[in-house]
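J.: Protein sequences, first through last, are from chains A and B. Residues in the first sequence are numbered consecutively from 1, following the numbering used here. Residues in the second sequence are numbered consecutively from 1001, following the numbering used here. C-beta atoms are modelled at their ideal positions from N, C-alpha and C, and glycine is treated no differently. If you scroll down you'll find the structure; I have some questions about it.
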Amino acid sequence: MTVKFRVERDTLADAVTWVARALPNRPPVPVLAGLLIEADDNGTLHLSGFDYEVSAKVEVNAEVSDPGTALVSGRLLAEICRSLPGKPVDVVTDGTKVALTCGASRFTLLTMPVDEYPTLPAMPENTGMVAGDVLTEAVGQVTVAASRDETLPILTGVRLEIEGDTLTLMATDRYRLAMRTLTWRPSSPGASSIALVRARTLAEVAKALGSADEVSLALSTGGATELIGFTANGRRTTSLLVDGDYPKVRALFPESLLTHAVVETQSLIEAVRRVALVAERNTPVRLTFTDGLITLEAGQGEDAQASEAVESSLVGDELSIAFNPQYLLDGLGALSLPFTRLSFTQATKPAVITGQASADAEDDDDTYRYLIMPVRLAG
Amino acid sequence: MSRRQLDRSGAEGRDHGLSTDDTGCGVLHVDMDAFFASVSLVDRPDLHGRPVIVGGEGRAVVLSATYEARRFGVHSAMPMSRARRLCPQAVVVPPEHARYAQVSHRIMDIFRSVTPLVEPLSLDEAFLDVTGARRRLGTPAAVARLIRRSIAERERITCSVGVAATKFLAKLASGRAKPDGLLVVPRDEALAFLHPLPVGALWGVGERTEAVLLRYGLRTVADIAHTPRDTLRRMLGDAVGAGLYELAWGKDSRPVVPEHVEKSVGAEETFDHDVDDPEVVFRELLRLSERVAARMRRSGVVGRTVVVKVRFADFTTITRSRTLGERTDVARTVYAAARGLVEALGLDRARLRLVGVRVEGLDDVGSSHHQLALGERPQGWREAEQAVDRASARFGAGSVLPASLVDPADDPTGPGG
């Protein structure tokens, strides 16, 4: 049985590149290094990859002469497609080989046994729709706070909470917590569910599907396999959910915040970056809040030192507090508004970072909140 | 307690053919003779003149031995079993660490009554810069005699003193004067004293470097002194080569620095019997971690790198280290890292002879900081361990212990127990 089709170079290259990203670096079984090509008689090419945890599948149009299925090395195919000239690509299988011709270039690839390839998990039923740009922004805002420490798998995930038309995303690595709420279109008004998705997977999904107007989110929980799926623009990806009980993090936000300062976001980011240049790995920057001014300092004793002052307004008592500069920058960089509100109770308690539209706005934007734990200094 | 034991010299070291001109020789190296053994013998006149070894039960190592025992080849750091075979008639006495510390403390006080520039190297040796004591107490040799007399009178133990222009020569001289001796290395005669010595006498020449030097036919310090500096660098590397060349010409510019700054804090334990039970190993790691962290808190330092040392039954020894995100003086944190390191070895019930825990990368506690975790109580393990420190200060060490270290068969010691 031969397979034969012709497809545009750019279409193929985009599709193959995206699917190949889902392929495992060290496949647990050899066939998982493969990229599955299915050509159907409706003129559609289905390309898929799977690593037992994440699956990716994309559909593109092609001129299919002979429908059928072939499995080839995904990595090699992706490299070849990236280098092809901008001409139509002809693919024909011949026994255990695949011939790929594009202009004057010709490649022959070995195939892998299709019948050994696992069945991709079925896409769960659609749970709701979210705007692509909103999803991308929200994922970027929370994944900065997710842990990269694989020894605590739960904290490498982003928790999704669906309650009617509100979707909440949150992530924490124990030192900071990012939480974003957004409005979406659930498929049923009373939707209520939770899911824990690997932050890395979610970031990949947002990158691949975020350009779409709308992304469909599909969730199957409570069954034998707990799965989340995303679909947009003919691309679909599924991922197993992370197992385990997520800590009750909402309660970590302080109930009342006595003091807050408002500062221009970009000025503060630049000042923190500059003083942090003298902060050795893991040493803090110290922020002193007085009326009209935030003074930033880093370094101490015989080490290099830096300080800078930034204009700011203060409501409440003056306060000195220290933070890991990277944690602070992650939170400030995730804000989408020109001004930052920093709210405190005391120097050893968590501070809350939110955005606000103007320096003298009455309220801050509470759809995104970044909770950051301070560094305690000796003495 | 130098391992390079030499012939007994005259009390003033005239056997070395040196004059007694101590002009410009401001550095003293004072080294107690067989310190632990001597202290243990102070109230045991019946043991004087007999071979005595200080060491623990079973499989510990020799901590100290009298010169009578050393004549049989016994030296410190040797396994007790071997020492007993070499000298079966030796009397073995258990170590009395608290007492050694007290005596050491009083001896250091004697030093400090002579000069503020005292650099202790261990419990039983120190460098003294006595340049400034000349007018008040006399020449360096006179100060050395005064120190030897004071220690002999007050503590009834002997020491040996080297007097020279540099630390390196003073230390060599005290070794040559042992036991119960005094040796001045006059400035003009430093090279005459130094050059005939074997290369192994130089600071920094261990077994490996010595082997390299011997392979090139360099046997004495004079041989090194007359080898071009660049040749030494090629043989031994830049730093070592250049350093040895300087030392071989008697050059050593290091000053006597009061208050020896510790680079690490550590503790280790030789098991009574080889151990293959991971629970026993972990319990020992916890005990050592508690001890190390308590010492760090006492000296006001925090450290970043935790090092474990494991010696197998066949004496193969390995160390593994882990650098923490932030410096600590908390036993629980030290233990977690130490345990993780040992678990990562995949010992699979290998038989262990010794385990050790050390913390390096020390810094003053005042410069330390701690990234709080969300939901972390401001009062944490550190505060709990500080409370234990206070209890230990009042009721004695071990009055409060982690539950896993309490021996159910053993009534906890101390009145507060």
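What three-state label does DSSP hand D1046 of chain B in the structure shown?
T.: The answer is helix: DSSP assigns D1046 of chain B an H, G or I state.
J.: Note down, in chain order, each residue of its chain lying with its Cβ closer than 7 angstroms to the Cβ of R235 of chain A, except the 5 sequence neighbours on either side.
T.: W18, V58, A208, L209, listed in sequence order.
J.: If you drop the 5 nearest sequence neighbours on each side, which residues of the same chain put their C-beta closer than 7 angstroms to that of L1247 of chain B?
T.: Excluding positions up to five away in sequence, the list reads F1168, L1202, W1203.
J.: Comparing C-alpha positions only, which one of B:A1141, B:G1356, B:R1156, B:A1293 sits nearest to A1165 of chain B?
T.: Per the Cα distances, B:A1141.
J.: For A62 of chain A versus V98 of chain A, is the C-beta spacing smaller than 7 angstroms?
T.: Cβ distance not < 7 angstroms, so A62 of chain A and V98 of chain A don't count as in contact.
J.: Looking at the unbroken alpha helix (DSSP H) that takes in M1235 of chain B, where does it start and where does it end?
T.: Taken as a continuous stretch (DSSP letters only), the alpha helix (DSSP H) holding M1235 of chain B covers 1229-1236.
J.: Mind checking whether T1302 of chain B and E1119 of chain B have CB atoms under 7 angstroms apart?
T.: The amino acid at residue 1302 of chain B is misidentified as Thr; the sequence shows Val. No, the Cβ-Cβ distance between V1302 of chain B and E1119 of chain B is not below 7 angstroms.
J.: Since L229 of chain A contacts P118 of chain A with CB under 8 angstroms, what's their CB separation in whole angstroms?
T.: Note that residue 229 of chain A is Gly in the sequence shown here, rather than Leu. At roughly 17 angstroms, the Cβ-Cβ gap does not stay under 8 angstroms, so G229 of chain A and P118 of chain A are not in contact.
J.: So is R1208 of chain B buried or exposed if we call it buried at 16+ other beta carbons inside 10 Å?
T.: Burial call: exposed.
J.: Any idea if A394 of chain A is buried or exposed, counting beta-carbon neighbours within 10 angstroms, 16 or more meaning buried?
T.: A query on residue 394 of chain A cannot be resolved here, the shown segment of chain A reaching from 1 to 379 and no further.
J.: Could you pull the start and end residues of the beta strand (DSSP E) that F253 of chain A belongs to?
T.: Premise fails: F253 of chain A is in no beta strand (DSSP E) and is neither H nor E.
J.: Identify which residue in B:V1052, B:G1250, B:R1283 has its Cα closest to the Cα of A1331 of chain B.
T.: Of the candidates B:V1052, B:G1250, B:R1283, the one whose C-alpha sits nearest the C-alpha of A1331 of chain B is B:R1283.
J.: Which chain B residues sit within Cβ distance under 9 angstroms of Y175 of chain A?
T.: Neighbours of Y175 of chain A on chain B, chain order: Q1371, L1372, A1373, L1374.
J.: What does the alpha-carbon distance come out to for the pair S1002 of chain B and L1352 of chain B?
T.: Low confidence applies here, because S1002 of chain B scores a pLDDT of 40, under 50, leaving its location unreliable and the question unanswered by this model.
J.: Hey, out of A:L47, A:N25, A:C81, A:A357, whose CA is closest to S336 of chain A's CA?
T.: S336 of chain A has its Cα closest to that of A:A357, out of A:L47, A:N25, A:C81, A:A357.
J.: Indicate the three-state DSSP secondary structure (helix, strand or coil) for A218 of chain A in the structure shown.
T.: In this structure, A218 of chain A counts as strand in the three-state DSSP scheme.
J.: What is the rounded straight-line gap between the Cα of K4 of chain A and the Cα of S65 of chain A?
T.: So the alpha carbons of these two residues sit roughly 5 angstroms apart.
J.: Taking Cβ to Cβ, would you say S1064 of chain B is nearer than 7 angstroms to A1037 of chain B?
T.: Contact: yes.
J.: Please report how far the alpha carbon of R159 of chain A lies from the alpha carbon of V1265 of chain B, in whole angstroms.
T.: Cα to Cα, R159 of chain A sits roughly 43 angstroms from V1265 of chain B.
J.: CA-CA distance, R1304 of chain B and D1314 of chain B?
T.: Their Cα atoms are separated by approximately 31 angstroms.
J.: Given a cut-off of 7 angstroms, decide if A1337 of chain B and V1365 of chain B are closer than it, judged by their beta-carbon atoms.
T.: For V1365 of chain B and A1337 of chain B, no; Cβs fall outside 7 angstroms.
J.: Report the residue from A:A347, A:L342, A:L84, A:L377 whose alpha carbon sits nearest the alpha carbon of Y370 of chain A.
T.: Selected option, being the one with the closest Cα: A:L342.
J.: What residue range does the beta strand (DSSP E) around G128 of chain A cover?
T.: From DSSP, the beta strand (DSSP E) with G128 of chain A extends over 126-131.
J.: At a cut of 8 angstroms, does the segment 148-167 of chain A reach the segment 186-202 of chain A through at least three beta carbon pairs?
T.: With the cut-off at 8 angstroms, the segment 148-167 of chain A and the segment 186-202 of chain A touch.
J.: Would the segment 1093-1112 of chain B and the segment 1220-1236 of chain B be scored as touching if the rule is three or more Cβ pairs under 8 angstroms?
T.: As far as the Cβ criterion goes, the segment 1093-1112 of chain B does not touch the segment 1220-1236 of chain B, which means the pair count is below three.
J.: So if I threshold CB-CB distances at 7 angstroms, which residues from the segment 1307-1329 of chain B count as touching chain A?
T.: For the segment 1307-1329 of chain B, which is checked against every Cβ of chain A, the residues closer than 7 angstroms are G1325, E1326.
J.: Output needed for W184 of chain A: all residues of its chain with C-beta closer than 7 angstroms, excluding positions within five of it in sequence on either side, in chain order.
T.: Same-chain partners within the cutoff: G128, M129, V130, D165, L167.
J.: Taking the alpha-carbon of I321 of chain A as reference, which of A:A298, A:R286, A:L109, A:E308 has the nearest alpha-carbon?
T.: When each option's Cα is compared against that of I321 of chain A, the closest is A:R286.
J.: On the CB-based measure, 16 or more other CB atoms within 10 Å of its CB, does P1186 of chain B come out buried or exposed?
T.: With 16 or more Cβ atoms within 10 Å of its Cβ, P1186 of chain B is classed as buried.
J.: Do the CB positions of P254 of chain A and V375 of chain A come within less than 7 angstroms of each other?
T.: No.
J.: Measuring straight from C-alpha to C-alpha, what distance separates G331 of chain A and E116 of chain A?
T.: Going by the C-alpha atoms only, they are around 46 angstroms apart.
J.: Who are the near neighbours of L12 of chain A in its chain, counting only those whose CB is closer than 6 angstroms to its CB and skipping five residues on each side?
T.: Only C81, V89 meet the Cβ criterion.
J.: What does the alpha-carbon distance come out to for the pair Q305 of chain A and T265 of chain A?
T.: Roughly 23 angstroms separates the two Cα atoms.
J.: Give the list of continuous alpha helix (DSSP H) stretches no shorter than 4 residues that lie fully inside the segment 262-320 of chain A.
T.: Those alpha helix (DSSP H) runs which fall completely within the segment 262-320 of chain A and span 4+ residues are 265-275.
J.: Under a three-way DSSP split, which group does A351 of chain A fall into?
T.: Strand.
J.: Is it right to say S1019 of chain B is buried, meaning 16 or more other beta carbons lie within 10 angstroms of its own, or is it exposed?
T.: S1019 of chain B should be labelled exposed.
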